[in-house]
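For the record, the sequence lines run as chains A and B. Letter 188 of the first sequence, counting from 1, is numbered 188 in my numbering, and no numbers are missing. Every number in my numbering is 1000 more than the matching position in the second sequence, counting from 1. The structure appears below as structure tokens.
Protein chains: 2
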Amino acid sequence: MAQQPYSILTVGSLAFDSVQTPTGKADRILGGAANHFSVAASFYAPVSVVGIVGQDFPEAHLEWLAARKVDVSGVRIVPGKSFHWVGSYTYDLNEATTLSTALNVFEHFDPELSEQHRGAQYVFLANIDPVLQLSVLDQVRSPKLVACDTMNFWITGKPEEVRKILKRIDILSINEGEAFLLTGEKNSLSAAEMIQKMGPSVVIIKRGEYGAMLLNGENVFIAPSFPVRQVIDPTGAGDSFAGAFMGFLAEARVDRDMARTDPKAWDMLLRRAVLNGCVMASFIVEDFGFHRLTRLNQHELVARQKSLLRMTSLEPVDL
Amino acid sequence: MAQQPYSILTVGSLAFDSVQTPTGKADRILGGAANHFSVAASFYAPVSVVGIVGQDFPEAHLEWLAARKVDVSGVRIVPGKSFHWVGSYTYDLNEATTLSTALNVFEHFDPELSEQHRGAQYVFLANIDPVLQLSVLDQVRSPKLVACDTMNFWITGKPEEVRKILKRIDILSINEGEAFLLTGEKNSLSAAEMIQKMGPSVVIIKRGEYGAMLLNGENVFIAPSFPVRQVIDPTGAGDSFAGAFMGFLAEARVDRDMARTDPKAWDMLLRRAVLNGCVMASFIVEDFGFHRLTRLNQHELVARQKSLLRMTSLEPVDL
């Protein structure tokens, strides 16, 4: 019998998004980094999500997550309104323009982990205040792998705290433009190498429709995104990428010791995890919010993984 | 004994370039699409270049080309000044801004092929007036493979002629932005599919630092560029890509019939050709003009090809 996947804990936002893209708009749809991450990761492994929402947040969504084996016991529902992000995209779908951010109840978010959540095997610190990310790391006991995302707002606003969190994580997943901002470099590889010196031995540079670059020690892996014919809404692509990436590794029961004990296998599993991330992200952009994932089945997921493998291979792939 | 590679004919510009990039500037260095193409292709196969230059063009360069087995008998030297392009790049090194174009003697370019050049086995129509590209195709007898490049200036200025040339070529190699302009699409794959309907069964969408997408019939291949640490000057990257691409196929003696007789091998050879193109382009951007190629040796070329293979592979590559 196959072993159980490792369990994943993510801490971050569950929110409303109002989004305008070249193909249409959607008002107050469900979003938030930890939400997108959880939905994507749930295709691979059990996930616990820790966050805070207002009383306007639909309980039906939490029930839907629970039905997908996402543990929502760490989502606090408090009086007030949920986090609401308003943004838009022009034809360059790789970069969002934030029109407004209403933190609402999120402003007072102070994650306090339950006894069970402190024992999490994997931790993904979604893009939130690095002070909160540090607080989560202080609470978990001995995770086997810790990954983190961040953004320009924190890189410029709380640089010291971002530096502190970088020292305590295994993997940083970050947008290309934000990697440039963090390092002052104008080149992905140089930026990734400089980030490694700040802490994480594994750095993933996300490049929107051009895919992702992985730097693991000295090993570079470059994965294209799966070419979708029409991108409807890129929101959540990076978080669903991270969800599938961590989910794949959790399913394979990989931990950081493997980098030392079996570096070749570690590198190849990281590569496969990146490819899984790219495929998941290619689904989420095909509709607003994470709607596309609500009708995604395992068969489609595997078919697209194979398809992307064929698109990157120099040998005929018969899978 | 190995068979001789096929011979390649290219028609286009040999020119002076004055370039400003974020890392420096170079004044009146040697450039031109057919020039860059020839230098790159000469690493693989014999090339003949047809073009026109003024009396200010250094004969030493033509001699240097000849020493590299580039047949320069088709380069006419006429009274007047050579084509001179002045351009600049900002930190987005994927797109040049043309500051001035002095066609000079190129304005009266009317390629008339010698008897030997009419028998060329491969033809690469570098980015020139599509009227001239059509004239070249009228003169060659029965090439085994014809590829072509074009740009926004001709797409908007001579759309009918561009359509005519597309009907008569096997392969179009084009920048992503220009593919969008040509088709009205905003998506690489859809644009490539629409270009196929205009004629060429093989379409290569060049994406600058993000590599290239190949569409061969229904088969998609996505290759990353080799990540160089510092791009000094992107000028000529697309033409040296095309040079290595065509050179690789010429060395392998591939012709268009293979698409029918051995479609799998055809597809895999096209993929390898694209990877060779990406590697060659990664060298040329490391210095101004094609300077980097003047000190490039076969050992370095092969080493970087292997390195790029490793960066795209999901299996350990021991080459």
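Built from N, CA and C at the ideal position, the CB exists for glycine as well. Model, not experiment: these values are computed from the prediction.
| Asked | Found |
| --- | --- |
| Does any residue of chain A have a CB that is nearer than 8 angstroms to the CB of B:Y1044? | no |
| Checking contacts by CB at 8 angstroms: is A:E160 closer than that to chain B? | no |
| So, is B:T1235 buried or exposed, given that buried needs 16 or more other C-beta atoms within 10 angstroms? | buried |
| What does a CB cutoff of less than 8 angstroms around B:R1253 pick up in its chain, not counting 5 residues either side in sequence? | Q1003, P1005 and Y1006 |
| Is B:L1270 close to chain A, meaning its C-beta is less than 8 angstroms from at least one C-beta of that chain? | no |
| Give me the subset of the segment 2-20 of chain A whose CB atoms are less than 8 angstroms from a CB atom of chain B, sorted by chain position. | none |
| Which runs of the alpha helix (DSSP H) at least 4 residues long sit entirely within the segment 1222-1308 of chain B? Give them in chain order. | 1237-1251, 1258-1261, 1263-1284 and 1291-1294 |
| Name the chain B residues that come within less than 9 angstroms of A:S188, Cβ to Cβ? | E1209 and P1227 |
| Using 8 angstroms as the limit for Cβ to Cβ distance, is A:L249 near chain B? | no |
| Quick one: residues in its chain with C-beta nearer than 6 angstroms to the C-beta of A:P130, no 5 flanking neighbours on either side, listed in chain order? | W154, K158, E161, V162 and I165 |
| Do A:M268 and B:L1314 have their C-beta atoms within less than 8 angstroms of each other? | yes |
| Between A:L275 and chain B, is there a C-beta pair that is closer than 8 angstroms? | yes |
| Determine, for A:E300, whether the minimum Cβ-Cβ distance to residues of chain B falls below 8 angstroms. | no |
| With H, G and I counted as helix, E and B as strand and the rest as coil, what does DSSP make of B:I1195? | helix |
| When you compare only the Cα positions, how much space is there between A:E176 and A:N104? | 29 angstroms |
| Looking at C-beta atoms only, is the number of pairs between the segment 39-56 of chain A and the segment 237-244 of chain A that lie closer than 8 angstroms three or more? | yes |
| Candidates B:V1072, B:K1206, B:L1093 and B:S1042: which alpha carbon is nearest B:Q1020's? | B:L1093 |
| For the candidate residues B:F1106, B:V1220, B:Q1139 and B:L1249, whose alpha-carbon lies nearest to that of A:P316? | B:V1220 |
| Should A:R272 be listed as close to the ligand GTP, given that the test is whether its C-beta is under 7 angstroms from any heavy atom? | The ligand GTP is not part of the structure shown, which contains no ligands of any sort. |
| In chain A, what lies closer than 8 angstroms to B:K1264 by C-beta? | P316 |
| Jot down the residue ranges of each uninterrupted alpha helix (DSSP H) in the segment 149-207 of chain A, minimum 4 residues, whole runs only, in chain order. | 152-157, 159-166, 176-183 and 188-198 |
| Whole angstroms are fine: how far does the CA of B:L1182 sit from the CA of B:N1152? | 8 angstroms |
| A:G87 and A:L99: beta carbons closer than 8 angstroms? | yes |
| Pop quiz: B:P1022 and A:L189 are said to be a contact at Cβ under 8 angstroms. What is the actual Cβ separation, rounded to whole angstroms? | With 8 angstroms as the limit, B:P1022 and A:L189 do not qualify as a contact, their Cβ atoms being about 17 angstroms apart. |
| Can you pull the chain A neighbours of B:M1311, defined as C-beta to C-beta under 8 angstroms? | V220, F221 and I222 |
| By DSSP's criteria, B:V1053 is part of a beta bridge. Which residues make up the other side? | B:I1077 |
| Residues of chain A with CB under 7 angstroms from B:Q1230, in chain order? | N187 |
| Starting from the C-beta of A:D138, find all residues in its chain whose C-beta is less than 6 angstroms away, skip the five residues before and the five after it, and write them out in chain order. | none |
| Would you tell me roughly how many angstroms separate the C-alpha atoms of A:K197 and B:L1172, rounded to the nearest one? | 43 angstroms |
| List the endpoints of the continuous alpha helix (DSSP H) containing B:L999. | What the structure shows of chain B is the stretch from 1001 to 1319, and residue 999 of chain B is not part of that stretch, so it cannot be assessed. |
| Give the residues of chain B in contact with A:L89, contact being defined as C-beta atoms less than 7 angstroms apart. | Leu is not the amino acid found at residue 89 of chain A; the sequence shown has Tyr there. Going along chain B, no residue has its Cβ under 7 angstroms from A:Y89, so there is no contact; the nearest lies around 12 angstroms. |
| Since B:F1124 sits in a beta bridge, which residues does DSSP pair it with? | B:T1010 and B:A1147 |
| Should A:P263 go down as buried or exposed, given a rule of 16 or more other Cβ atoms within 10 Å for buried? | exposed |
| For B:A1096, which residues in the same chain have their Cβ closer than 6 angstroms to its Cβ, ignoring the five residues on either side in sequence? | G1087 and Y1089 |
| Apart from the five residues on each side of it in sequence, which residues of its chain come closer than 6 angstroms, Cβ to Cβ, to A:A66? | V72 |
| Note down, in chain order, each residue of its chain lying with its Cβ closer than 6 angstroms to the Cβ of B:A1102, except the 5 sequence neighbours on either side. | H1084 |
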